[in-house]
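Chemist: Handing you this structure, nothing more for now.
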Amino acid sequence: MAHSVSPLRFFRVVPTQPALIVWTFLVVVAIGGIAIARVPSRSGDLMRPVLLLQLFAASSGFEVPARRGHYDLLLTSGHRRIWVALVHWAISIAPGVLAWLVLAVVEVTARGDADTHLLASGTCAAMGLVSTMPWAITVRLPRFSGGIGWLLVLTLSTSVLSSGRMPGSSGANEVGESIWSAWEFLVYPVVFVGRELSIGDGLIAAPALVLALAAMVAACRWVSRTSVPLEAAQ
Amino acid sequence: MPVGVSHQRPIGGGAVTSFVVSVRDLAVQYGRRLVFQGVSFDIAAGQSLGVLGPNGSGKTTLLRTLAGCLTPRSGEVRIAGLTPRDALTRTGVAYFAGDATLPGSVRASRWGSLGNGDVVTPDRRPIRALSRGTRQLLGLRTVLGRHPLGLIALDEPWEALDPDAARWLSTTLETKRDRGAALVLSSHRLHDLAGFCDSYLFLLPHHAKVVHAHEISATSPVTALQLAEVFDKVRGGAMSLRAVS
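Chains as they are written, first to last, in our numbering: chain A, 16 to 249; chain B, 806 to 1050.
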């Protein structure tokens, strides 16, 4: 086999997202880190911009640059496409995950105990959701499409489905409340930030996480099997 | 539809016993649009095939199919006996579709290092800031720097190159071919490929034909004028390409 570039090395040279995203994460971490160090109890609030940014960072898009031929060198290097897809995803979400972990370390240091908001299971679930679903949705779409679409669904949900009710507010009955809560976590996972998930919370979060996993599998499968014509050749 | 079927030509007086590339009755389509069909040819190690045809005839599509980027509608492609996807892992395949496929925001020096790790250029400017010929040369040097290579598939490789770069490309391709690589080179400009290839695939809408160099000119290298005459015959003399060549 000829000397071939690894997916990891390729996507370090050919970034999956613009430098502006990385710089914005740095600014958010700097400001958030200082704020958490001063008032550790506000860490949950300061995690929101990280999740919002991650929504767009993960919406990196695969097909558009591939059809422009930007990934030809990698796609013809002999590496399995599934690894190409997974490394593309990992590189896309890496800045957001790093930003989250840095803020978590600051929080742990500032609190001086293990009771942290940023490493709570609810925060992990929210981070997992915004790190997977947007990538899977955007794999065939232009960059940031997943993030934009997600915000649109969130806006529609708050203005149409709940008649003006904002995320985090309660529903009318038990069944409706459960459905609404599951939907709420799917479109607005911030509601779980800082919470340790109970069994009930887990059942509410499960549909969204299963959906995210299924979307990831479908996206990786698509990358593995798809034809990649050049835009100009069609 | 008509099919271009090659007849193997011995190299260096010996019989050719195995093909690096074997294509049988290949058809590719985008959605409902059929790009080409009935394309067949063989290329042995150390041989080169020139793919000629007007814009939109499917030259780029054919090369991308050989490189494993496209799944054909029907037909068979074998590279060293394997499907193109499998061949990528076993046989070195160099494929380049032109300077427009390079990501403009990446620094030239970093892109160049993706070939075999060596420094192709110290230029740290973004690729989009380079001239078109420099971009083309960067892309070619990056893919051709890899080794060993069993198949080299290049789409319009001489496009935009200055004379020095064009000479470097020709020399490099001849060297790779002498070392056993099979070459597939496309162009819509006949003089790029004239005299360079062992055989020529004339790819036209709904029509493909392979003609060997020795069938065009038995005693001397094929000229662009001779290629144009053959092209006219293949396409039924509807339009002369001599002006192009």
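Glycine included, every Cβ here is placed at the ideal spot set by N, Cα and C.
1. Can you find the residues in the same chain that come closer than 7 angstroms, C-beta to C-beta, to Gln-834/B, ignoring five residues on each side of it along the sequence?
2. When DSSP labels each residue in this structure, what does Asp-983/B get in the three-state scheme?
3. Measure the alpha-carbon distance for Leu-67/A versus Ala-141/A and round it to whole angstroms.
4. Quick check on DSSP: helix, strand or coil for Asp-847/B?
5. Between the region 895-902 of chain B and the region 1023-1039 of chain B, do three or more beta carbon pairs fall short of 8 angstroms?
6. Would you call the CB atoms of Gly-843/B and Ala-850/B closer than 8 angstroms?
7. Is there a Cβ of chain A sitting closer than 8 angstroms to that of Thr-947/B, yes or no?
8. For Gly-127/A, name the three-state secondary structure that DSSP assigns.
9. Name the residue from Glu-964/B, Glu-1020/B and Asn-860/B whose alpha carbon lies nearest to the alpha carbon of Val-1035/B.
10. Let me know if Asp-967/B comes out buried or exposed under the rule of 16 or more other beta-carbons within 10 Å of its beta-carbon.
11. Is Ser-853/B closer than 8 angstroms to Leu-988/B when the C-beta atoms are compared?
12. Between which two residues does the alpha helix (DSSP H) carrying Leu-1032/B extend?
13. Identify the residues that DSSP records as bridge partners of Leu-1009/B: which are they?
14. Taking C-beta to C-beta, are Leu-990/B and Gly-855/B nearer than 8 angstroms?
15. Taking Cβ positions only, does Thr-153/A come closer than 8 angstroms to chain B?
16. Can Ala-73/A and Trp-195/A be called in contact, C-beta distance under 8 angstroms?
17. Do Leu-857/B and Val-998/B count as a contact pair if the criterion is CB distance below 8 angstroms?
18. Rounded to whole angstroms, what is the Cα-Cα separation between Ala-1013/B and Phe-846/B?
19. Under 8 angstroms: do the region 899-915 of chain B and the region 932-942 of chain B share three or more Cβ pairs, one atom per stretch?
20. What does the Cβ neighbour count give for Thr-31/A, buried or exposed, with the cut at 16 atoms within 10 Å?
21. Less than 8 angstroms between the C-beta atoms of Ala-52/A and Val-123/A, yes or no?
22. What in chain A is Cβ-close to Leu-919/B, meaning under 8 angstroms?
23. Check whether the Cβ atoms of Val-1016/B and Ser-1025/B lie closer than 8 angstroms to each other.
24. Tell me which residues share the same chain as Thr-977/B and place their Cβ nearer than 7 angstroms to its Cβ, disregarding the 5 neighbours each side in the sequence.
25. In whole angstroms, give me the CA-to-CA distance for Arg-946/B and Thr-173/A.
26. Mind pulling the chain A residues with CB within less than 7 angstroms of Val-898/B?
27. Look at the alpha carbon of Val-29/A and the alpha carbon of Pro-908/B, and state the distance between them as a whole number of angstroms.
28. Taking only beta-carbon positions, decide if Arg-951/B is within less than 8 angstroms of chain A.
29. Quick one: using the 10 Å Cβ neighbour count with 16 as the cut-off for buried, is Glu-199/A buried or exposed?
30. Alpha carbon to alpha carbon, how far is Tyr-203/A from Leu-169/A?
31. Count the other CB atoms within 10 Å of the CB of His-1011/B; is the residue buried (16 or more) or exposed (fewer)?
32. Report all residues from its chain with a CB closer than 8 angstroms to the CB of Val-79/A; omit the five preceding and five following residues, and keep chain order.
33. Would you report the Cα separation of Arg-972/B and Gly-863/B, rounded to the nearest angstrom?
34. Per the DSSP calculation, Ser-992/B is bridged to which residue(s)?
35. Classify Arg-982/B: buried if its beta carbon has 16 or more other beta carbons within 10 angstroms, exposed otherwise.
36. Rounded to whole angstroms, what is the Cα-Cα separation between Ile-848/B and Glu-881/B?
Modeler: Let me spell this out:
1. Apart from sequence neighbours up to five positions away, the residues of its chain that approach Gln-834/B with a beta-carbon distance below 7 angstroms are Val-840 and Arg-878, ordered along the chain.
2. DSSP places Asp-983/B in helix when its eight states are reduced to three.
3. Inter-residue distance for Leu-67/A and Ala-141/A is about 11 angstroms (C-alpha atoms, whole angstroms).
4. Strand, per DSSP.
5. No, the region 895-902 of chain B does not touch the region 1023-1039 of chain B.
6. Cβ atoms of Gly-843/B and Ala-850/B: not closer than 8 angstroms.
7. Yes, because at least one Cβ of chain A sits closer than 8 angstroms to the Cβ of Thr-947/B.
8. Coil at Gly-127/A, not helix or strand.
9. Nearest of Glu-964/B, Glu-1020/B and Asn-860/B to Val-1035/B, Cα basis: Glu-1020/B.
10. The residue is exposed, with fewer than 16 neighbouring Cβ atoms inside 10 Å.
11. Yes.
12. Counting along the chain, the alpha helix (DSSP H) containing Leu-1032/B begins and ends at 1029-1039.
13. Assignment of beta-bridge partners to Leu-1009/B by DSSP yields His-1012/B.
14. Closer than 8 angstroms, so yes.
15. It does not; no Cβ of chain B falls within 8 angstroms.
16. In this structure, Ala-73/A sits away from Trp-195/A, with a CB-CB distance that is not shorter than 8 angstroms.
17. Per the sequence shown, the amino acid found at residue 998/B is Leu instead of Val. Between Leu-998/B and Leu-857/B, the CB-CB gap stays under 8 angstroms.
18. C-alpha separation (whole angstroms): 10 angstroms.
19. Yes: at least three Cβ pairs fall under 8 angstroms.
20. When all chains shown are included, Thr-31/A counts as buried.
21. No, the Cβ-Cβ distance between Ala-52/A and Val-123/A is not below 8 angstroms.
22. Those are Val-20, Arg-24, Phe-25, Val-28 and Leu-88, listed as they occur along chain A.
23. Cβ atoms of Val-1016/B and Ser-1025/B: not closer than 8 angstroms.
24. Closer than 7 angstroms at the Cβ level, and outside the excluded window around Thr-977/B, lie Leu-949.
25. Spanning the alpha carbons of Arg-946/B and Thr-173/A requires a straight line of approximately 54 angstroms.
26. Those within 7 angstroms of Val-898/B in chain A are Thr-91.
27. Distance between the alpha carbons of Val-29/A and Pro-908/B: 7 angstroms.
28. Between Arg-951/B and chain A, the shortest Cβ-Cβ separation is below 8 angstroms.
29. By the 10 Å Cβ count, Glu-199/A comes out buried.
30. The straight-line gap from Cα to Cα measures roughly 7 angstroms.
31. By the neighbour-count rule (16 or more Cβ atoms within 10 Å), His-1011/B is not buried but exposed.
32. The beta carbon of Val-79/A sits closer than 8 angstroms to those of Leu-156, Pro-157 and Arg-158, all from its chain and outside the five residues before and after it, given in chain order.
33. If I take the Cα positions, the gap works out to 27 angstroms.
34. DSSP lists Leu-857/B as the bridge partner or partners of Ser-992/B.
35. Flag for Arg-982/B reads buried.
36. Near 14 angstroms, if we compare the C-alpha coordinates of Glu-881/B and Ile-848/B.
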